[in-house]
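Let me begin by presenting the structure, written as structure tokens, before commenting on it.
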Amino acid sequence: MSALMPTYAPSDLAFERGLGAYVFTAEGKRYLDFCAGIAVSILGHSHPHLVAALKDQAEKIWHTSNLYRIPGQEKMAERLVAGSFADKVFFSNSGAEAIEAAIKVARKYHHDNGNPEKYRVVCCTNAFHGRTLATIAAGGQEKHIEGFGPVTDGFDHVAYGNLNEMRAAIGPETAAILVEPVQGEGGIYGAGPEYLKGLRAIADEFGILLMFDEVQCGMGRTGKLFAYEWADIKPDVVATAKGIGGGFPLGACLTNEKAAVLKVGNHGTTYGGNPLAMAVGNAVLDVILADGFLDGVAKIGDALGDALEGLVKKYPDVFSEVRGQGLMRGIKCKDGIDNRAFKTKLEEGGLLVAPAGDNVIRFLPPLIIEQSHIDEAMAIIEKAAGEEASK
């Protein structure tokens, strides 16, 4: 029996190495990776620029703590600020920690402005914001909350995409709105630019903060550095992680000047933003901020979306719809076809994908894929879909 705590139910696969969009088992079997560690390995595996940055830093200094200046943090923060709405950045180790920082920002903002009674955050149903006690409460899904009561107070929930419900939920204790521009774990739902614009208007009307969870949909995954950019608005706070480190644990909480309320002693981290993380994070930015890179992501993302739409038309008894944007896509399986079982069939065919809520299969490939990778993935999916359709 394994000494590991049984918190996961992994596939019976283990990978020894990776190269580009592929991973390999110890036996040498190759898999096309359209999961990318759940939207993490955005530049694929063993990217030479990331490998060189990590090796170079590893031979210098790994960790000093935030008791001292970390020049890599200053550099990366300046680059994120220059490419976004933000004025300040706090670096963490993970997405959940970035969300926790955002929640603290919302409460501290109103405390500092003489309204300490404002502490509640309005979130959406079907959301996923992390696995800490506060973030499972923010997500609000019973399957994540059960067994961990009492539920952390301070979160209200409304239907995703419904501006009327959002407006009605704002009360005298409301501090902020927290929404995923594209819901990931919940089933690759995107409510669209008008919804995000409406959220900005509501936040402005009531004097509360607009906070976006871009842990999964940020860092270029939709074809822009952050997904909120498609709506041509500016939030007050964005939490991001996953792809920001290209596989190295890293998260960030970005705020505008108004929401930059965390001061010395208010918040902190031991590992967050250490020299190793910053070396890799800056290397990731070197690539994704290069001229034309994100335009290329948007273009290949459209190609992936078109290919998946073709599958829905060809196999209407297997798939019902395609969701998402850029290289964050989902295809919904018809009732009676279990997405997790179908995921296993794709693995058997050599394609790695991720399950999501609402019986959806997620496609989160590295941002460096080409048309040949899409063609290879579609051939594997077609074979599995054909077998399902013939049952």
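Numbered per my numbering, the sequence shown finishes at 776, counting up by one with no gaps. Glycine residues also receive a C-beta, built at the ideal position from the N, C-alpha and C atoms.
Just checking: is the beta-carbon of residue i within a distance shorter than 7 angstroms of some beta-carbon in chain C?
i: A399; result: Absent from the structure: chain C. Only one protein chain is present.
Can you tell me whether residue i is helix, strand or coil according to DSSP?
i: M390; result: coil
i: A411; result: coil
i: L435; result: helix
i: V490; result: helix
i: K643; result: coil
i: T363; result: Limits of the chain in this structure are 386 at one end and 776 at the other, which puts residue 363 out of reach.
i: R454; result: coil
i: V703; result: coil
i: E485; result: helix
i: L752; result: coil
i: K740; result: Lys is not the amino acid found at residue 740; the sequence shown has Pro there. The answer is strand: DSSP assigns P740 an E or B state.
i: F400; result: strand
Count the other CB atoms, across all protein chains shown, that sit within 10 Å of the CB of residue i; report buried if there are 16 or more and exposed otherwise.
i: M390; result: exposed
i: V408; result: buried
i: L398; result: exposed
i: M386; result: exposed
i: A784; result: Missing from the structure shown is residue 784; the chain here goes from 386 to 776 and no further.
i: E733; result: exposed
i: I455; result: buried
i: P701; result: exposed
Less than 7 angstroms between the beta carbons of residue i and residue j, yes or no?
i: V649; j: L428; result: no
i: P578; j: L595; result: no
i: E642; j: T625; result: no
i: A739; j: I423; result: yes
i: G608; j: G524; result: no
i: L639; j: V490; result: no
i: D497; j: V622; result: no
i: Q442; j: A664; result: yes
i: H432; j: G403; result: no
i: R505; j: A560; result: yes
i: Y613; j: F633; result: no
Using CA coordinates, which residue listed in the options is at the minimum distance from residue i?
i: C508; options: T655, A519, E502 and P751; result: A519
i: I521; options: G608, G499, I488 and Q442; result: I488
i: N724; options: D680, A769, T517 and A683; result: A769
i: D680; options: A762, G499, P701 and G711; result: G711
i: Q458; options: K717, F633 and F476; result: F476
i: G630; options: A612, G605 and W615; result: G605
i: N478; options: G658, A683 and S705; result: G658
i: F400; options: N451, L581, A388 and Y416; result: Y416
i: R464; options: T517, V669 and A421; result: V669
i: A394; options: E485, R552 and T729; result: T729
i: G735; options: H758, I722 and F611; result: H758
i: H542; options: E527, G405, G534 and E531; result: E527
i: I593; options: A762, F704, E444 and P501; result: P501
i: I753; options: T392, S396, C602 and G405; result: G405
i: S450; options: M713, A588 and L661; result: L661
i: V682; options: A462, F611 and G653; result: F611
I need the boundaries of the beta strand (DSSP E) containing residue i, first residue and last residue.
i: K717; result: M713 to C718
i: T625; result: V622 to T625
i: E502; result: Where E502 is concerned, there is no enclosing beta strand (DSSP E), given that its DSSP letter is neither H nor E.
Hey, quick one: how far does the alpha helix (DSSP H) through residue i stretch, first residue to last?
i: A588; result: P578 to F591
i: L610; result: That residue, L610, is in no alpha helix (DSSP H); it is neither H nor E in DSSP.
i: D671; result: P660 to I673
i: E444; result: Element bounds for E444: n/a, residue is neither H nor E.
Is residue i near the ligand NAP, with its Cβ less than 6 angstroms from a heavy atom?
i: S426; result: With respect to the ligand NAP, the structure offers nothing, as it holds no ligand at all.
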